[in-house]
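**Q**
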Amino acid sequence: MQSWYLQYAALRQDWLGTALAPLADTVSDDLVPAIEHGDFPRWRAALDALPDWTVANADLVNGVILQRATPLSDAEHATLTQTLLRLHPWRKGPYEIFGVHIDTEWRSDWKWDRVLPHITPLTGRTVLDVGCGNGYHCWRMAGAGAKCVVGIEPMLIFNLQYWALRKYLPEWPVHLLPLTLEQMPEQLAAFDTVFSMGVLYHRRSPFEHLQALKNALRPGGELVLETLVINGPRGQVLVPEGRYARMPNVWFLPSPATLESWLSKAGFVEPHVVDVNLTTTDEQRPTAWMSWESLAQVLDPQNPALTVEGHPRPLRAVVVARKPIL
Ligand SMILES: C[S@@+](CC[C@H](N)C(=O)[O-])C[C@H]1O[C@@H](n2cnc3c(N)ncnc32)[C@H](O)[C@@H]1O
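So for the sequence shown, this note's numbering puts the first residue at -12; every next one is plus one.
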């Protein structure tokens, strides 16, 4: 029997003859075997166990909140909770699914609240969210009026968490593809807004990342980029030796002014940092839904202004810029 998740045939069909047609060619059924994971059978069993309930009301404006016409019984609530917990770790959220509160590691809604007031309204726009995790912000982008949201995320478990939501929200124009930015067609020039949040510092070559983001945007389109930064003047960059907050894959942390200068150098216009925010242990913390270590465990217990390696603790900036028309 064909599963309802990780299916892209209808999408490919819809995109033929549109600006997203080259993407339709990229989304082949070979993508999923390429990201296969030993836990896939276990995760698949969890998806198969999700109940066939209908959403009576979906609120994607104030959160990602799904309601059924009738409240769940205690037994239904417990079963749904246990089934969704089998897709651990839930990092990005929170989600409210028929009264089950998925208390994710991150309060991703707080990031969204910092971003949304500063960007061109998403109404009617075609949007790309690069490194979208389980797609939490993609649903919020649709809630903010986007015509079509494409999220790309290479990790299988986060794709499957998206499909758990998708089961209940099949009509919304939110599509998550198991792709890296590097696997996207070059020079797509199709998106009105491109988001890259929490990805730049994972890239060894930040300018190649910026170039690829620009290639995905249509002329005049908007880039919304969020990344780790350090306090400091224009020109200052931290390249942490070894790990940063126990992460082995952190490469470049510019100052906010440096980040703006990178965007100019990469050919964007009017780059402006709209928010700088120190990540707190209220925003990123272990929960029942992500029970591994989190921010508090990677800060120096003697001096929480520093990571365990002695680097400045996570500080994040949001920068907005445009791709030139010509
Ligand atoms: C720190 S998370 C950020 C998630 C979400 N965008 C947010 O801001 O909450 C970074 C995500 O980017 C994904 N990622 C890393 N490299 C990527 C690449 N080259 N292309 C697309 N996604 C990538 C990771 O798998 C991870 O899920």
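All C-beta atoms, glycine included, are put in the ideal place defined by N, C-alpha and C. As the structure is a computational prediction, the values presented were derived from the model and not from experiment.
Terminal residues of the continuous alpha helix (DSSP H) containing Cys119?
**A** For the purposes of this step, residue 119 is identified with residue 132 of the sequence shown, where counting begins at 1. Unbroken run through Cys119: none, as it is neither H nor E.
**Q** If we call anything under 7 Å between Cβ atoms a contact, is Thr107 one with Glu209?
**A** Position 120 of the sequence shown, counted from the first residue, corresponds to residue 107. Position 222 of the sequence shown, counted from the first residue, corresponds to residue 209. Yes, Cβ-Cβ distance for Thr107 and Glu209 is below 7 Å.
**Q** Between Leu215 and Arg127, is the Cβ-Cβ spacing less than 7 Å?
**A** As a position in the sequence shown, residue 215 is number 228, starting the count at 1. As a position in the sequence shown, residue 127 is number 140, starting the count at 1. In this structure, Arg127 does not lie closer than 7 Å to Leu215 by Cβ.
**Q** For a quick check, are the C-beta atoms of Leu109 and Gly132 less than 7 Å apart?
**A** For the purposes of this step, residue 109 is taken as the residue at position 122 of the sequence shown. For the purposes of this step, residue 132 is taken as the residue at position 145 of the sequence shown. In this structure, Gly132 lies closer than 7 Å to Leu109 by Cβ.
**Q** Which residues mark the beginning and the end of the alpha helix (DSSP H) in which Phe145 is found?
**A** Position 158 of the sequence shown, counted from the first residue, corresponds to residue 145. That run of the alpha helix (DSSP H) goes Leu143 to Tyr155.
**Q** Using alpha carbons as the reference points, say which of Leu164, Thr91, Val87 and Arg309 lies closest to Leu10.
**A** Locating residue 10 in the sequence shown gives position 23, where the first residue counts as 1. Nearest option by C-alpha distance: Leu164.
**Q** When burial is assigned at 16 or more other CB atoms within 10 Å of the CB, is Thr245 buried or exposed?
**A** Position 258 of the sequence shown, counted from the start, is the residue given in the question as residue 245. Buried: at least 16 other Cβ atoms inside 10 Å.
**Q** Among the candidates Ile144, Gly4 and Thr66, whose CA atom is the shortest distance from the CA of Val19?
**A** Here residue 19 refers to the residue found at position 32 when the sequence shown is read from its first residue. Of Ile144, Gly4 and Thr66, the residue nearest in Cα terms is Ile144.
**Q** Given the structure, does Ser251 come close to ligand 1, in the sense that its CB is under 6 Å from one of the ligand's heavy atoms?
**A** Residue mapping note: residue 251 aligns to position 264 of the sequence shown, counting from 1. No, since every heavy atom of ligand 1 falls outside the 6 Å radius drawn around the Cβ of Ser251.
**Q** Count the CB pairs spanning the region 89 to 104 and the region 270 to 290 that are closer than 8 Å, and state whether there are at least three.
**A** Enough Cβ pairs lie closer than 8 Å, so yes.
**Q** In the DSSP assignment, the alpha helix (DSSP H) including Pro28 goes from what residue to what residue?
**A** One-based indexing of the sequence shown puts residue 28 at position 41. Taken as a continuous stretch (DSSP letters only), the alpha helix (DSSP H) holding Pro28 covers Phe27 to Asp35.
**Q** Can you name, in chain order, every residue of its own chain whose Cβ lies under 6 Å from the Cβ of Ser183, other than the five neighbours on each side?
**A** Here residue 183 is taken as the residue at index 196 of the sequence shown, counted from 1. Cβ within range, chain order: Val117, Leu200 and Leu212.
**Q** Buried or exposed: Leu204, going by 16 or more other Cβ atoms within 10 Å of its Cβ?
**A** Here the question's residue 204 lines up with position 217 in the sequence shown. Label assigned to Leu204: buried.
**Q** Can you name the start and end residues of the alpha helix (DSSP H) that Thr70 belongs to?
**A** Taking the sequence shown and counting its residues from 1, the one referred to as residue 70 is at position 83. Per DSSP, Thr70 belongs to the alpha helix (DSSP H) from Asp61 to Leu72.
**Q** Output yes or no for whether 7 Å exceeds the beta carbon distance between His162 and Val137.
**A** Numbered from its first residue, the sequence shown carries residue 162 at position 175. Numbered from its first residue, the sequence shown carries residue 137 at position 150. In contact: His162 and Val137 (Cβ atoms closer than 7 Å).
**Q** Going along the chain, which unbroken runs of the beta strand (DSSP E) with 3 or more residues stay wholly within the region 189 to 259?
**A** Taking only runs of at least 3 residues, the beta strand (DSSP E) segments lying wholly in the region 189 to 259 are 204 to 216.
**Q** Give the straight-line distance between the Cα atoms of Tyr180 and Val114, rounded to the nearest whole angstrom.
**A** Working through the sequence shown from its first residue, we reach residue 180 at position 193. Working through the sequence shown from its first residue, we reach residue 114 at position 127. The amino acid at residue 180 is misidentified as Tyr; the sequence shows Thr. Near 5 Å, if we compare the C-alpha coordinates of Val114 and Thr180.
**Q** According to DSSP, is Glu92 part of a helix, a strand, or is it coil?
**A** Along the sequence shown, one-based indexing puts residue 92 at 105. Glu92: coil per DSSP, three-state reduction.
**Q** In chain order, what are the residue ranges of uninterrupted alpha helix (DSSP H) at least 4 long that sit wholly in the region -8 to 20?
**A** Entirely contained in the region -8 to 20, the alpha helix (DSSP H) runs reaching 4 residues are, in chain order, -4 to 2 and 8 to 13.
**Q** Output the distance between the C-alpha atoms of Pro76 and Gly122, rounded to the nearest integer angstrom.
**A** What you label residue 76 is simply residue 89 of the sequence shown in a count that begins at 1. What you label residue 122 is simply residue 135 of the sequence shown in a count that begins at 1. Straight-line Cα distance between these residues: approximately 14 Å.
**Q** Once you ignore the five residues that flank Met(-12) on each side, which residues in its own chain have a CB closer than 7 Å to its CB?
**A** Locating residue -12 in the sequence shown gives position 1, where the first residue counts as 1. The pLDDT assigned to Met(-12) is 47, lower than 50, so where the model puts this residue is not dependable, and the model offers no usable value.
**Q** Check whether the Cβ of Ser95 sits closer than 6 Å to any heavy atom of ligand 1, and report yes or no.
**A** Within the sequence shown, the letter at position 108 stands for residue 95. Correct: Ser95 has its Cβ closer than 6 Å to ligand 1.
**Q** Is any non-hydrogen atom of ligand 1 found closer than 6 Å to the C-beta of Thr214, if you look at the structure I gave you?
**A** Against the sequence shown, residue 214 aligns to sequence position 227. Not under cutoff, so the answer is no.
**Q** CB-CB under 8 Å to His196, same chain, minus the five flanking residues each way: which ones, in chain order?
**A** On the sequence shown, position 209 is the one that residue 196 refers to. If we look at His196 and ignore the five residues flanking it on each side, its Cβ neighbours are Leu168, Ser183, Val186, Leu187 and Arg190.
**Q** What residues match up with Gln271 in a beta bridge as DSSP calls it?
**A** Reading the sequence shown from its first residue, position 284 is the one you call residue 271. Gln271 is bridged to Trp93.
**Q** With DSSP run on the structure shown, which of helix, strand or coil describes Met(-12)?
**A** Start at 1 with the first residue of the sequence shown, and residue -12 comes out as number 1. Low per-residue confidence applies at Met(-12): pLDDT is 47, beneath 50, and the placement is therefore not dependable, though the value from the model is reported in the following sentence. Coil, per DSSP.
**Q** Ser15: which of Met171, Asn290 and Arg94 sits nearest, CA to CA?
**A** The sequence position of residue 15 within the sequence shown is 28, counting from 1. For the residues Met171, Asn290 and Arg94, the minimum Cα distance to Ser15 belongs to Met171.
**Q** Ends of the beta strand (DSSP E) at Ile106?
**A** Numbered from its first residue, the sequence shown carries residue 106 at position 119. Per DSSP, Ile106 belongs to no beta strand (DSSP E) and is neither H nor E.
**Q** Going by DSSP, name the residue or residues bridged to Phe128.
**A** Taking the first residue of the sequence shown as position 1, residue 128 is located at position 141. Reading off the sequence shown, one finds Met at residue 128, where the question assumed Phe. Note: Met128 sits in no beta bridge, so no partner.
**Q** Hey, how far is the Cα of Leu7 from the Cα of Leu293?
**A** Position 20 of the sequence shown, counted from the start, is the residue given in the question as residue 7. Position 306 of the sequence shown, counted from the start, is the residue given in the question as residue 293. Near 44 Å, if we compare the C-alpha coordinates of Leu293 and Leu7.
**Q** Roughly how many whole angstroms lie between the Cα atoms of Pro291 and Val263?
**A** Position 304 of the sequence shown holds residue 291. Position 276 of the sequence shown holds residue 263. Each residue's Cα considered, the two are about 18 Å apart.
**Q** With Ala43 as the anchor, note down where its beta strand (DSSP E) starts and where it stops.
**A** As a first step, residue 43 must be located in the sequence shown, where it is residue number 56. Neither: Ala43 is in no beta strand (DSSP E) and is coded neither H nor E.
**Q** Would you say Met142 touches ligand 2, meaning its beta carbon is less than 6 Å from a heavy atom?
**A** This structure simply doesn't include ligand 2; it includes ligand 1 instead.
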